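Single-structure report; data block below.
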Amino acid sequence: MPPDAPAGSPTLSLVVPVFNVAPFLDRFLASIVAQDLRDVEVIVVDDGSTDTGPEILARYAARCPQMCVIRQDNGGLSAARNTGLNHARGEYLAFADSDDFIEPTYYRDLLALARTHNLDMAHGNGLYHFEGRQDDYPIYSDDLPTAVMSGRDVLKKRLCAKTFLHMVWLHLYRRGFIDRLDLRFVPGLIHEDVLWTTRAFLAAKRVAYVPTPGYHYRQRIRRLAPDQFDQRLAAIVDSSIHNARGLDDLLADSADDPELRRLIRWQLVDGALSIFHKLRKMSSPALRRSYYRRLRHEEIFALLWRNAVESPQRRRIARHWLKSLIA
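So the number in our numbering is just where the residue sits in the sequence shown, counting from 1, plus 99.
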């Protein structure tokens with residue numbers, strides 16, 4: 100066991116936020132109980148569920164001594180993950196979302212790789228799960244090498260291939276690595292994985308990849324009233340603005356690598372351009388106009404223009420800036 104893991108610690112801490120996912124919770128918990136792995140603690144953070152989720156959790160916790168359930172007032176996914184992080188004692192950390200499900204050997208394989216090669220991160224793979232609406236398919240189907248690499252090299256290969264995805268639950272992390280980076284999620288954000296995963300890959304010295312999909316990522320159909328839909332879109336836009344600024348700040352960490360710096364700039368602009376897709380989908384013209392004003396006032400257009408690395412990005416930024424003037 101590495102020196103940054105206290106004596107008597109479990110091998111793995113699995114952090115699981117739960118909020119109103121009762122229809123999916125039994126299948127998720129059954130897949131956790133079935134994991135082919137001993138010496139694991141499962142930290143379930145019930146983030147103020149108002150459905151039957153607490154009763155389901157209580158039933159599993161009563162027969163699963165490795166499971167600890169923490170209940171807190173609703174604070175969102177990031178706050179729930181932070182609570183789990185603060186209680187985690189394991190040598191390694193992983194995250195799972197409670198509407199998904201996991202193959203029995205997934206964490207065993209990631210953990211074996213991490214311990215054998217003294218990894219900061221073990222990089223996993225999964226399947227998009229469409230609940231029978233269409234065939235499931237792998238999240239990653241590229242040919243990323245399975246040899247030990249630096250996180251920067253993984254990030255460059257993924258960004259160059261335009262396959263990099265910010266899914267915190269695809270990876271297993273050495274807890275000492277996370278603690279030294281003081282990585283935490285920003286409460287209130289949607290797409291809270293973006294800065295976390297980018298920072299982690301930038302800092303990781305040793306990363307290796309398990310290409311066999313083991314995590315089933317449920318693609319749910321969400322039906323929201325127009326005002327609820329606008330609220331969700333606004334939250335996504337707020338988060339995208341925060342992430343663009345955060346990635347801009349992270350550029351300083353790649354000053355010695357022009358190729359990586361260019362790829363992060365591309366990532367920043369590519370992700371932030373989704374803001375305008377979300378604005379088009381808003382049903383409230385007044386809300387849309389207020390965001391266009393904010394983007395100009397807070398110089399987000401200027402930030403995107405400064406980081407654009409190719410002509411198509413610049414054309415899109417210019418087109419949206421002009422549209423913001425007449426919206």
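Don't be surprised by glycine CBs; every beta carbon is placed ideally from N, CA and C. As the structure is a computational prediction, the values presented were derived from the model and not from experiment.
Simplified DSSP state of residue i, which is helix, strand or coil
| i | result |
| --- | --- |
| tyrosine 308 | strand |
| histidine 376 | helix |
| serine 440 | Outside the shown range of the chain (100 to 426) lies residue 440, about which nothing can therefore be said. |
| glutamate 154 | helix |
| proline 109 | coil |
| proline 357 | helix |
| aspartate 278 | helix |
| valine 144 | strand |
| arginine 405 | helix |
| glycine 287 | coil |
| alanine 246 | coil |
| alanine 161 | helix |
| arginine 322 | coil |
| glycine 183 | helix |
| glycine 174 | coil |
| arginine 232 | coil |
| alanine 417 | helix |
| alanine 371 | helix |
Cβ separation of residue i and residue j, assumed to be a contact under 8 Å, to the nearest whole Å
| i | j | result |
| --- | --- | --- |
| histidine 290 | histidine 265 | 7 Å |
| tryptophan 268 | alanine 195 | 5 Å |
| aspartate 145 | leucine 128 | Contact flag wrong, Cβ pair sits at about 12 Å. |
| phenylalanine 276 | alanine 303 | 7 Å |
| serine 339 | isoleucine 374 | 5 Å |
Endpoints, the alpha helix (DSSP H) within which residue i is located
| i | result |
| --- | --- |
| serine 130 | 121-132 |
| leucine 210 | 205-216 |
| isoleucine 169 | From DSSP, isoleucine 169 is part of no alpha helix (DSSP H) but of the beta strand (DSSP E) over 166-170. |
| valine 267 | Unbroken run through valine 267: none, as it is neither H nor E. |
| isoleucine 335 | 325-349 |
| phenylalanine 118 | First-last for phenylalanine 118: undefined, no H or E at that position. |
| arginine 392 | 384-396 |
| aspartate 292 | 292-302 |
Residue i - partner residues in DSSP beta bridges
| i | result |
| --- | --- |
| histidine 315 | Phe200 and Leu226 |
| aspartate 237 | Here residue 237 turns out to be proline, not aspartate, going by the sequence shown. Answer by DSSP bridge pairing, in chain order: Leu226. |
| tyrosine 272 | Leu192 and Met220 |
| valine 139 | Leu111 |
Endpoints, the beta strand (DSSP E) within which residue i is located
| i | result |
| --- | --- |
| phenylalanine 194 | 191-194 |
Environment of residue i [buried if 16+ CB atoms lie within 10 Å]
| i | result |
| --- | --- |
| proline 357 | exposed |
| lysine 380 | exposed |
| glutamate 190 | buried |
| glutamate 398 | exposed |
| isoleucine 320 | exposed |
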